[in-house]
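**Q** Dumping the structure here so I can ask a few things about it.
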Amino acid sequence: MRIVKIQKKETIYENKSHSIIAKRSVGSMNREEQIANAEKATVDSIREQRFAKTAELVKIPGHPLHTFTLENEALAKTIKKCREVLKSGHVEYKLIEEVRQLAIHYAKKGDLLYPHLKVKYEISGPSDVMWTVDDEIRDEFAALAKKADSQDDEWKKRFEAALTRADEMIYKEANILFPNCAFNFTDEEWFGIYRDSKDYAECLGVENGVWEDAEKAQDVKTPSISQDEIVMAGGHMTVEQLTAMLNTIPLEISFVDTDNINRFFNEGPKVFKRPGMAIDREVFSCHPPKIEQQVRRIIEEFRAGTLDKVPVWMDKNGRTMLVTYMAVRDKSGKYLGTMELVQDMEFAKEYFQK
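Here the sequence shown is numbered in our numbering, starting from 72 and rising by one per residue.
Spelled out as structure tokens, the structure:
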């Protein structure tokens, strides 16, 4: 918004869509009103800058915001299709599963955008509010899918409500989340998000495009592996050998140090995504609000010595998973950190069902 003087004692406030002539003279404004107007002008200017930056990044093929936006466009089409079918009759299970792919989109936001925005830039609104809503929408569609055979009036009412919330989230991302990220994140941070995005499944037919600038920067931070040996009580290995061994173990391994900072994830495909950008970030920022308190409680009990191990069995994408949290201590019992182990137990279930 810019201010244009048209007479000595009149001011016009000009915006993109309308102009309002101030009825009060500048001279009659008190200091508080002048400050308020100046602050509003500043806020409007920053808002416009954020939207301009978002529009710029969305146009770049392969940029994370380009991909997120394409996914939202595909989701909007699926929501429209669901509503049309809902009016005329039965919603096919295939269509329900299609709209449930929003879970992939939400998982990427939760892993790659919310924590970084909160931890690095102290913008906690999206993380504290939108993340919880994402979980509620995803869980509601999952619950409705289980009852898809009996689509009574109550089911249809809940399905329409879930579609509305998903539609509203598209708007919130475009007008709140993406502009905040576009305005704050550096090119290097976007490069990291681009690399981590490759670990996620395709969402609603939208492929992860190639971002040329990020590809050129791929090797900038390639870690070098020293051949010096690490000597331990149980033997000695080179860093290369130790790294390869940790990556070969059929577990997803994460280590959080005594200060609650993510220090290590082993490499390879993961059911529970662990983006590289989360390294050196507080572990609590990587969890949605409803899970964060549970993680805090477990770690504090590990630290206090009242717990050593917490196994959690769960179903993830139709597969039985065992997630084990373990306190890591030295020989004297001093707490050094927490290790998380994720194991796909489907093989064991299949074995005992024979």
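Virtual Cβ for every residue (Gly too), placed ideally from N, Cα, C.
It should be emphasised that the depicted structure is a prediction, and the values quoted were computed from it without experimental measurement.
Could you check what DSSP says for T377 in three-state terms: helix, strand or coil?
**A** On the sequence shown, residue 377 is found 306 positions in, with the first residue counted as 1. Coil.
**Q** Quick one: what's K387 bridged to in DSSP?
**A** To locate residue 387, count along the sequence shown from 1; it is residue 316. Answer is R390.
**Q** Quick check on this structure: which residue in K227, K148 and E103 has the alpha carbon closest to the alpha carbon of G276?
**A** Counting from one through the sequence shown, the residue named residue 276 turns up at place 205. The residue with the shortest Cα to Cα distance from G276 is K148.
**Q** Would the beta-carbon of G280 fall within 8 angstroms of that of T138?
**A** Walking along the sequence shown from the start, residue 280 turns up at place 209. Walking along the sequence shown from the start, residue 138 turns up at place 67. Result yes, Cβ atoms of G280 and T138 sit closer than 8 angstroms.
**Q** Considering only their Cβ atoms, is the gap separating P360 from D182 smaller than 8 angstroms?
**A** For the purposes of this step, residue 182 is taken as the residue at position 111 of the sequence shown. For the purposes of this step, residue 360 is taken as the residue at position 289 of the sequence shown. No, the pair does not count as a contact, with Cβ atoms beyond the cut-off.
**Q** Going by C-alpha distance, which of R368, L407, M416 and E244 is nearest K387?
**A** Locating residue 387 in the sequence shown gives position 316, counting from the first residue. The candidate whose alpha carbon is nearest that of K387 is M416.
**Q** Could you check where the beta strand (DSSP E) with T319 kicks off and where it finishes?
**A** Here residue 319 is taken as the residue at index 248 of the sequence shown, counted from 1. Counting along the chain, T319 falls outside any beta strand (DSSP E), though it belongs to the alpha helix (DSSP H) covering V310 to T319.
**Q** Kindly say whether E286, judged by its beta-carbon, lies nearer than 8 angstroms to any beta-carbon of chain C.
**A** Structure shown: chain C not included; a single protein chain is present.
**Q** Helix, strand or coil: which one does DSSP assign to Q120?
**A** In the sequence shown, the residue the question calls residue 120 occupies position 49. Of the three classes helix, strand and coil, the one that applies to Q120 here is helix, per DSSP.
**Q** Apart from the five residues just before and just after D379, which ones in its own chain have a Cβ nearer than 6 angstroms to its Cβ?
**A** Taking the first residue of the sequence shown as position 1, residue 379 is located at position 308. Answer for D379: A398, listed in chain order.
**Q** In the structure shown, what three-state DSSP assignment does Q414 receive?
**A** Residue mapping note: residue 414 aligns to position 343 of the sequence shown, counting from 1. Looking at Q414 - three-state DSSP - the assignment turns out to be strand.
**Q** If you count every other CB in all the chains shown that lies within 10 Å of the CB of K189, and 16 or more means buried, which is it?
**A** One-based indexing of the sequence shown puts residue 189 at position 118. Buried, by the Cβ-count rule.
**Q** Can you tell which of A178, N331 and L128 has the C-alpha that lies nearest to the C-alpha of N251?
**A** Your numbering for residue 251 matches position 180 in the sequence shown. Ranking the options by Cα distance to N251, first place goes to L128.
**Q** Taking buried to mean at least 16 other C-beta atoms within 10 Å of its own C-beta, is S268 buried or exposed?
**A** The count along the sequence shown starts at 1 and reaches residue 268 at position 197. By the neighbour-count rule (16 or more Cβ atoms within 10 Å), S268 is buried.
**Q** Over what stretch of residues does the beta strand (DSSP E) that includes D328 continue unbroken?
**A** To locate residue 328, count along the sequence shown from 1; it is residue 257. Where D328 is concerned, the enclosing beta strand (DSSP E) stretches over E323 to D328.
**Q** Helix, strand or coil: how does DSSP classify N101 here?
**A** Along the sequence shown, one-based indexing puts residue 101 at 30. DSSP places N101 in coil when its eight states are reduced to three.
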